[in-house]
Amino acid sequence: MHSTDTAQAPALRLVGLTKNFGANRVLKGVDLDLVPGTITALLGANGAGKSTLIKILAGVHEPSGGELRLGGEPVDLGSPMAAARAGVRTVHQRIDDAIVPGLSVAENLLFEDIALKEVRPVASLRSLLPRARKIAATLDLDWDDAFLRQDVHELGIADCQMLLLARALSTTPQVLILDEPTSTLSQNEAERLFSVVARLRDRGVAILYVSHRLSEINALADRLAVLRDGRIVNAQHLPFDLQEAVTAMLGEGVLADAAELEELHGTGTMLSIRDHRIFPESSPVDVDFAAGEVTGIIGLIGSGKTELAEAVFGARRSASGSMTLDGEPFAPRDPKQAIGRGVYLVPEDRAAQGMLPGWSLMRTLSLPFLSDFLRNGILSPRREREAGAAAIDRFSVVATGPGQSVDALSGGNQQKVMVARWMQRAPRVLLLDEPFRGVDIGARRVISHRAREQAAAGSAVIMICSDVDEVREIADRIIVLVEGRITLDARASDITNEQIIQSMTEVA
Ligand SMILES: Nc1ncnc2c1ncn2[C@@H]1O[C@H](COP(=O)(O)OP(=O)(O)OP(=O)(O)O)[C@@H](O)[C@H]1O
Ligand SMILES: [Mg+2]
Numbered sequence: 001m002h003s004t005d006t007a008q009a010p011a012l013r014l015v016g017l018t019k020n021f022g023a024n025r026v027l028k029g030v031d032l033d034l035v036p037g038t039i040t041a042l043l044g045a046n047g048a049g050k051s052t053l054i055k056i057l058a059g060v061h062e063p064s065g066g067e068l069r070l071g072g073e074p075v076d077l078g079s080p081m082a083a084a085r086a087g088v089r090t091v092h093q094r095i096d097d098a099i100v101p102g103l104s105v106a107e108n109l110l111f112e113d114i115a116l117k118e119v120r121p122v123a124s125l126r127s128l129l130p131r132a133r134k135i136a137a138t139l140d141l142d143w144d145d146a147f148l149r150q151d152v153h154e155l156g157i158a159d160c161q162m163l164l165l166a167r168a169l170s171t172t173p174q175v176l177i178l179d180e181p182t183s184t185l186s187q188n189e190a191e192r193l194f195s196v197v198a199r200l201r202d203r204g205v206a207i208l209y210v211s212h213r214l215s216e217i218n219a220l221a222d223r224l225a226v227l228r229d230g231r232i233v234n235a236q237h238l239p240f241d242l243q244e245a246v247t248a249m250l251g252e253g254v255l256a257d258a259a260e261l262e263e264l265h266g267t268g269t270m271l272s273i274r275d276h277r278i279f280p281e282s283s284p285v286d287v288d289f290a291a292g293e294v295t296g297i298i299g300l301i302g303s304g305k306t307e308l309a310e311a312v313f314g315a316r317r318s319a320s321g322s323m324t325l326d327g328e329p330f331a332p333r334d335p336k337q338a339i340g341r342g343v344y345l346v347p348e349d350r351a352a353q354g355m356l357p358g359w360s361l362m363r364t365l366s367l368p369f370l371s372d373f374l375r376n377g378i379l380s381p382r383r384e385r386e387a388g389a390a391a392i393d394r395f396s397v398v399a400t401g402p403g404q405s406v407d408a409l410s411g412g413n414q415q416k417v418m419v420a421r422w423m424q425r426a427p428r429v430l431l432l433d434e435p436f437r438g439v440d441i442g443a444r445r446v447i448s449h450r451a452r453e454q455a456a457a458g459s460a461v462i463m464i465c466s467d468v469d470e471v472r473e474i475a476d477r478i479i480v481l482v483e484g485r486i487t488l489d490a491r492a493s494d495i496t497n498e499q500i501i502q503s504m505t506e507v508a
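All the letters of the sequence shown, read from the start, carry residue numbers 1 to 508 under the UniProt record's numbering.
Here it is in structure tokens:
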């Protein structure tokens with residue numbers, strides 16, 4: 001049963017909450033109630049202030065003004081530990097902020113309990129394993145002792161995200177806050193999360209859930225609130241009017257000009273892959289990618305889609321096989337060689353792989369193309385700034401200007417910068433690994449339009465994703481990967497979503 005009983009006393013009440021970063025007034029008076037046994041979805045464009053709000057509730061940021069009330073009493077969530085002790089558990093958007101490097105997976109799982117002294121300080125790793133296994137099991141993660149003992153940096157981002165979720169769920173909190181928890185997960189993992197979240201709701205937990213995926217919000221939430229320009233501008237109970245929510249979030253007309261682009265048909269092979277083993281133990285794959293169209297590669301975690309993209313980009317040694325690019329042999333030993341041949345990759349783990357802390361937005365954008373900005377051997381700051389301003393404009397990046405440091409951008413805006421970086425030039429092959437991750441619906445439209453324009457102009461565009469609706473939105477041809485094998489390869493217009501989903505779970 002969905003409870004929409006607002007007569008119930010809120011677990012956590014936000015009253016006139018404000019937050020400024022210097023002159024930047026991000027939150028201008030947010031009023032919101034989080035009610036026990038209720039999932040409240042928080043929507044807002046990239047840079048609207050959702051994560052800032054959440055960091056206040058998690059004790060990471062101090063509010064500039066306003067009040068928080070927990071169970072009717074004013075509360076000071078002055079530190080992450082104070083928040084955790086008060087029963088407010090948070091899964092932050094940026095995984096790096098919450099993973100503790102140098103510790104094992106088990107210690108990371110138990111980190112808050114260790115810090116709150118609920119379990120004894122790390123006497124031996126072995127003594128932690130039974131409890132760590134139990135916490136992992138809340139999300140049906142069958143992590144064995146060897147997995148739990150390894151250093152956390154061995155984990156991919158999806159596993160890190162599952163770890164942080166399991167950590168937050170290790171006790172039943174009063175308030176649970178999830179900041180885009182599914183953006184790194186595939187459908188399977190996301191569904192596991194949904195069932196746990198629904199279970200906690202039924203146990204009376206007040207849940208705040210941030211996501212850019214409307215289908216998720218519709219399926220999961222009991223209430224929604226839209227944050228825009230520092231205030232809650234729209235609040236709804238079920239049944240939701242999502243059109244109204246999106247308009248409140250982005251303004252009139254943002255989605256109206258998103259005219260459908262015509263289906264593209266490839267103009268001939270650009271990239272040809274032969275006898276390539278995606279994993280050392282998988283059987284060899286042959287596949288061609290055409291210029292002039294968008295190919296979507298979809299698969300669950302472990303399907304090998306990122307591995308395939310990295311092999312093409314020279315970031316991963318392939319165990320076997322050969323490639324040709326535009327008819328010429330192509331065997332990049334590193335990404336630099338691939339870039340030199342016109343093969344670009346927008347990586348999945350963008351923040352970790354492409355953001356240098358403290359760097360300006362414009363330098364982050366121009367880094368791979370610095371030689372283009374040279375004038376008589378000297379970097380032209382004016383041209384770099386112009387290119388930066390153009391990218392900010394084209395992708396609607398919320399930033400104070402091309403000189404702003406990338407660290408201070410919101411998560412979605414950092415993602416947009418990295419996508420924008422690789423769309424500044426016309427490549428022969430453009431590989432986009434989960435390009436919609438963390439970006440709002442408006443930006444998602446912009447990215448898919450730009451990608452399709454690039455294909456229409458003659459690039460082979462290859463988009464990798466794990467969501468059926470996302471691949472539908474962008475691809476002319478769809479390839480399904482399962483454990484390094486191709487289980488489906490068809491024109492998008494010839495296949496149904498059911499066929500795609502079925503092929504994604506086809507076993508050998
Ligand atoms: N530590 C900081 N210093 C300065 N400005 C910041 C800082 N953190 C956030 N901001 C600014 O606050 C605004 C809101 O950022 P926030 O991360 O809260 O957005 P968001 O709604 O979570 O967006 P997204 O959907 O992209 O995650 C942005 O303009 C950002 O540049
Ligand atoms: Mg955010």
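Ideal Cβ positions, reconstructed from N, Cα and C, are used throughout, including at glycine. All values derive from a computational prediction rather than experimental measurement.
- Taking the Cα of residue 381 as reference, the smallest distance to any Cα among 390, 13 and 362 is reached at 362.
- Membership of residue 109 in the alpha helix (DSSP H) is indicated by the continuous run 105–109.
- Residue state for residue 423 is assigned as coil, using DSSP reduced to three classes.
- Placement of the Cβ of residue 251 at a distance of 8 Å or more from every heavy atom of ligand 1 is found.
- Apart from sequence neighbours up to five positions away, the residues of its chain that approach residue 339 with a beta-carbon distance below 7 Å are 368, ordered along the chain.
- In the DSSP assignment, residue 272 falls within the beta strand (DSSP E) that extends over 269–276.
- Secondary structure at residue 286: strand, using DSSP grouped into helix, strand and coil.
- Taken in chain order, the whole alpha helix (DSSP H) runs of length 4 or more contained in the stretch 435–469 are 441–456.
- Under DSSP, residue 293 takes part in a beta bridge, and its partners are 460.
- The Cβ atoms of residue 486 and residue 296 do not sit closer than 9 Å to each other.
- The beta carbons of residue 9 and residue 71 sit closer together than 9 Å.
- Cβ-Cβ distances below 8 Å link residue 318 to 276, 277 and 311 in the same chain, with the five nearest sequence neighbours on each side left out; the list follows chain order.
- When DSSP states are grouped into helix, strand and coil, residue 46 belongs to the coil group.
- Ranked by Cα distance from residue 150, the first of 167, 125, 263 and 139 is 125.
- Closer than 8 Å to some heavy atom of ligand 1: that does not describe the Cβ of residue 216.
- Non-local C-beta neighbours of residue 383 in its own chain, meaning closer than 6 Å and more than five positions away in sequence, comprise 373, ordered along the chain.
- According to DSSP, residue 232 shares a beta bridge with 227.
- In this structure, 220 is the residue among 489, 202, 220 and 201 with its C-alpha nearest to the C-alpha of residue 210.
- For residue 67, the enclosing beta strand (DSSP E) stretches over residues 65–70.
- Proximity of the stretch 428–446 to the stretch 342–351 meets the contact definition, three or more beta-carbon pairs being nearer than 8 Å.
- Of the residues 64, 97 and 65, the one whose Cα lies closest to the Cα of residue 80 is 97.
- In this structure, DSSP gives residue 340 a helical state, which the three-state scheme calls helix.
- In this structure, residue 189 lies near residue 301, with their beta-carbon atoms less than 9 Å apart.
- Per DSSP, residue 480 lies in no alpha helix (DSSP H); the unbroken beta strand (DSSP E) holding it starts and ends at 477–482.
- With 16 or more other Cβ atoms inside 10 Å of its own Cβ, residue 33 counts as buried.
- Shown here for residue 26: same chain residues with a beta carbon closer than 8 Å to its own, the five before and five after excluded, namely 19, 20, 49, 52 and 230 in chain order.
- In the DSSP assignment, residue 429 falls outside any alpha helix (DSSP H) and lies within the beta strand (DSSP E) extending over 429–433.
- Residue range 305–312 is occupied by the alpha helix (DSSP H) that includes residue 308.
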